[in-house]
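Student: Residue numbers (numbering that gives the first Met the number 0): 0 to 149.
First, the structure itself, so that you have it in front of you.
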Amino acid sequence: MDWDDAYANTSNIPGGERYPKLWSEAAHSFRADMLAKGCARIDVPYGPQVRHKLDLFQPAGTAAGLVVFVHGGYWMESDKSFYSMLAAGPLARGWAVAMPSYSLCPDASITEITREVGVAITCAAELVAGPLCLTGHSAGGHLAARMVTS
(Lines of atoms letter the chains of each structure in order from A and count residues from 1; the text may use other names and numbers.)
(Lines give C-alpha, C1' and ligand atoms only; values in the text may rest on other atoms or scores of the structure.)
Protein backbone atom coordinates (compact mmCIF):
# COMPACT_ATOMS: atom_id res chain seq x y z
CA MET A 1 0.00 0.00 0.00
CA ASP A 2 1.21 3.50 -0.84
CA TRP A 3 0.59 5.30 2.47
CA ASP A 4 1.37 8.73 1.03
CA ASP A 5 -1.38 8.23 -1.54
CA ALA A 6 -3.75 6.71 1.03
CA TYR A 7 -3.52 9.85 3.18
CA ALA A 8 -3.62 12.30 0.25
CA ASN A 9 -7.34 12.96 0.56
CA THR A 10 -7.66 15.57 -2.18
CA SER A 11 -5.97 13.32 -4.75
CA ASN A 12 -8.57 10.62 -4.11
CA ILE A 13 -11.60 12.88 -4.68
CA PRO A 14 -12.49 13.96 -8.24
CA GLY A 15 -11.78 17.70 -8.40
CA GLY A 16 -10.40 17.60 -4.86
CA GLU A 17 -7.44 19.79 -5.72
CA ARG A 18 -9.75 22.83 -5.86
CA TYR A 19 -11.03 22.47 -2.27
CA PRO A 20 -8.07 23.97 -0.37
CA LYS A 21 -8.31 27.20 -2.40
CA LEU A 22 -12.07 27.41 -1.78
CA TRP A 23 -11.57 26.84 1.97
CA SER A 24 -8.86 29.50 2.09
CA GLU A 25 -11.04 32.03 0.29
CA ALA A 26 -14.04 31.35 2.55
CA ALA A 27 -11.87 31.61 5.67
CA HIS A 28 -10.29 34.88 4.49
CA SER A 29 -13.71 36.39 3.76
CA PHE A 30 -15.04 35.29 7.17
CA ARG A 31 -12.03 36.79 9.00
CA ALA A 32 -12.36 40.07 7.10
CA ASP A 33 -16.05 40.28 7.98
CA MET A 34 -15.43 39.53 11.66
CA LEU A 35 -12.61 42.08 11.82
CA ALA A 36 -14.85 44.72 10.22
CA LYS A 37 -17.48 44.01 12.90
CA GLY A 38 -14.87 44.29 15.66
CA CYS A 39 -15.53 40.67 16.67
CA ALA A 40 -12.10 39.16 15.92
CA ARG A 41 -8.63 39.26 17.39
CA ILE A 42 -6.14 37.81 14.94
CA ASP A 43 -2.70 36.40 15.79
CA VAL A 44 -2.96 36.56 19.59
CA PRO A 45 0.39 35.16 20.80
CA TYR A 46 0.34 32.20 23.19
CA GLY A 47 4.03 31.28 23.09
CA PRO A 48 7.46 32.24 21.73
CA GLN A 49 7.43 30.43 18.36
CA VAL A 50 6.30 31.99 15.06
CA ARG A 51 3.29 29.66 14.82
CA HIS A 52 2.28 30.13 18.47
CA LYS A 53 -0.67 32.36 17.62
CA LEU A 54 -4.41 31.98 17.87
CA ASP A 55 -7.39 33.77 16.37
CA LEU A 56 -10.28 34.61 18.68
CA PHE A 57 -13.77 35.22 17.34
CA GLN A 58 -16.37 36.73 19.68
CA PRO A 59 -20.16 36.54 19.40
CA ALA A 60 -22.41 39.56 19.80
CA GLY A 61 -22.88 40.04 23.53
CA THR A 62 -21.35 37.98 26.31
CA ALA A 63 -20.01 34.60 25.24
CA ALA A 64 -21.73 31.48 26.60
CA GLY A 65 -18.30 29.84 26.73
CA LEU A 66 -15.38 28.99 24.49
CA VAL A 67 -14.96 26.50 21.67
CA VAL A 68 -11.34 25.75 20.77
CA PHE A 69 -11.00 24.37 17.25
CA VAL A 70 -7.65 22.73 16.42
CA HIS A 71 -6.81 22.69 12.72
CA GLY A 72 -5.94 19.60 10.74
CA GLY A 73 -3.28 19.05 8.11
CA TYR A 74 -1.67 15.68 8.86
CA TRP A 75 0.42 17.41 11.59
CA MET A 76 2.59 18.67 8.71
CA GLU A 77 0.70 21.49 6.99
CA SER A 78 -2.03 24.10 7.25
CA ASP A 79 -2.77 26.58 10.00
CA LYS A 80 -5.63 28.33 11.78
CA SER A 81 -6.32 30.65 8.85
CA PHE A 82 -7.73 27.86 6.65
CA TYR A 83 -10.65 27.10 8.97
CA SER A 84 -11.93 30.48 10.25
CA MET A 85 -15.35 30.07 8.63
CA LEU A 86 -16.04 27.06 10.84
CA ALA A 87 -16.42 29.47 13.76
CA ALA A 88 -19.77 30.62 12.33
CA GLY A 89 -21.79 27.79 13.90
CA PRO A 90 -20.66 28.24 17.50
CA LEU A 91 -20.78 32.04 17.13
CA ALA A 92 -24.42 31.84 16.00
CA ARG A 93 -25.14 30.00 19.25
CA GLY A 94 -23.37 32.60 21.40
CA TRP A 95 -20.02 30.86 21.87
CA ALA A 96 -16.60 32.44 21.35
CA VAL A 97 -14.19 30.45 19.18
CA ALA A 98 -10.40 30.24 19.45
CA MET A 99 -8.35 28.70 16.65
CA PRO A 100 -4.66 28.15 17.40
CA SER A 101 -1.84 27.31 15.02
CA TYR A 102 0.95 25.03 16.22
CA SER A 103 4.42 23.94 15.12
CA LEU A 104 4.46 21.31 12.39
CA CYS A 105 6.18 17.97 11.89
CA PRO A 106 8.98 17.22 11.28
CA ASP A 107 10.19 20.38 13.07
CA ALA A 108 8.20 19.34 16.15
CA SER A 109 7.17 15.94 17.46
CA ILE A 110 3.55 15.01 18.17
CA THR A 111 4.42 15.24 21.88
CA GLU A 112 5.71 18.80 21.44
CA ILE A 113 2.69 19.77 19.35
CA THR A 114 0.39 18.32 22.02
CA ARG A 115 2.07 20.50 24.66
CA GLU A 116 1.71 23.56 22.43
CA VAL A 117 -2.01 22.94 21.94
CA GLY A 118 -2.39 22.63 25.72
CA VAL A 119 -0.70 26.01 26.21
CA ALA A 120 -2.89 27.56 23.50
CA ILE A 121 -6.04 26.24 25.20
CA THR A 122 -4.92 27.65 28.55
CA CYS A 123 -4.25 31.03 26.94
CA ALA A 124 -7.61 31.08 25.16
CA ALA A 125 -9.46 30.03 28.34
CA GLU A 126 -7.96 33.05 30.10
CA LEU A 127 -9.52 35.31 27.44
CA VAL A 128 -13.10 33.97 27.63
CA ALA A 129 -15.04 33.06 30.76
CA GLY A 130 -17.34 30.05 30.93
CA PRO A 131 -17.33 26.42 29.86
CA LEU A 132 -14.81 25.09 27.38
CA CYS A 133 -15.42 22.76 24.41
CA LEU A 134 -12.64 21.22 22.34
CA THR A 135 -12.92 20.11 18.74
CA GLY A 136 -10.73 19.73 15.70
CA HIS A 137 -10.44 18.54 12.14
CA SER A 138 -8.42 15.45 11.21
CA ALA A 139 -5.03 15.77 12.96
CA GLY A 140 -6.61 18.56 15.00
CA GLY A 141 -9.28 16.14 16.20
CA HIS A 142 -6.50 13.81 17.33
CA LEU A 143 -4.80 16.66 19.19
CA ALA A 144 -8.08 17.76 20.81
CA ALA A 145 -8.68 14.17 21.95
CA ARG A 146 -5.20 14.07 23.48
CA MET A 147 -6.14 17.07 25.61
CA VAL A 148 -8.90 15.16 27.37
CA THR A 149 -6.85 11.99 27.81
CA SER A 150 -3.57 13.55 28.97
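Each residue gets a CB set at the ideal place from its N, CA and C atoms; glycine is no exception.
Keep in mind it's a predicted model, so treat the numbers as computed, not measured.
Report the rounded CA-to-CA distance for methionine 0 versus serine 10, giving the unit in angstroms.
Tutor: Here residue 0 refers to the residue found at position 1 when the sequence shown is read from its first residue. Here residue 10 refers to the residue found at position 11 when the sequence shown is read from its first residue. Answer to the nearest angstrom: the Cα atoms are 15 angstroms apart.
Student: Specify the secondary structure class of threonine 110 as computed by DSSP and reduced to three states.
Tutor: Residue mapping note: residue 110 aligns to position 111 of the sequence shown, counting from 1. In the structure shown, threonine 110 sits in a helix (DSSP, three-state: H, G or I).
Student: Between the alpha carbons of leucine 53 and proline 13, how many angstroms are there, rounded?
Tutor: Within the sequence shown, the letter at position 54 stands for residue 53. Within the sequence shown, the letter at position 14 stands for residue 13. Approximately 33 angstroms, taken between the alpha carbons.
Student: Please confirm whether glycine 135 and alanine 123 have their CB atoms less than 8 angstroms apart.
Tutor: For this step, residue 135 is matched to residue 136 along the sequence shown. For this step, residue 123 is matched to residue 124 along the sequence shown. Result no, Cβ atoms of glycine 135 and alanine 123 do not sit closer than 8 angstroms.
Student: Return the first residue and the last residue of the alpha helix (DSSP H) that valine 147 is part of.
Tutor: Numbered from 1 along the sequence shown, position 148 holds the residue referred to as residue 147. Note, valine 147: alpha helix (DSSP H), 138 to 148.
Student: Quick one: give me the first and last residue of the alpha helix (DSSP H) that glycine 88 is part of.
Tutor: Here the question's residue 88 lines up with position 89 in the sequence shown. That run of the alpha helix (DSSP H) goes 87 to 91.
Student: By the three-class DSSP mapping on this structure, what secondary structure does isoleucine 12 have?
Tutor: Sequence index remark: in the sequence shown, residue 12 carries index 13 (1-based). Reduced to three states, the DSSP call for isoleucine 12 is coil.
Student: Express the C-alpha separation of leucine 126 and alanine 26 in angstroms, rounding to a whole number.
Tutor: Position 27 of the sequence shown, counted from the first residue, corresponds to residue 26. Position 127 of the sequence shown, counted from the first residue, corresponds to residue 126. For alanine 26 and leucine 126, the distance between alpha carbons rounds to 22 angstroms.
Student: Tell me whether the beta-carbon of valine 69 lies closer than 8 angstroms to the beta-carbon of leucine 131.
Tutor: Position 70 of the sequence shown, counting from 1, holds the residue named residue 69. Position 132 of the sequence shown, counting from 1, holds the residue named residue 131. Against a cut-off of 8 angstroms, the Cβ pair of leucine 131 and valine 69 comes out as no contact.
Student: At what residues does the alpha helix (DSSP H) containing leucine 21 begin and finish?
Tutor: Walking along the sequence shown from the start, residue 21 turns up at place 22. Taken as a continuous stretch (DSSP letters only), the alpha helix (DSSP H) holding leucine 21 covers 18 to 35.
Student: For leucine 53, write down the residues that DSSP places opposite it in a beta bridge.
Tutor: As a first step, residue 53 must be located in the sequence shown, where it is residue number 54. Its beta-bridge partners are Val43 and Pro99.
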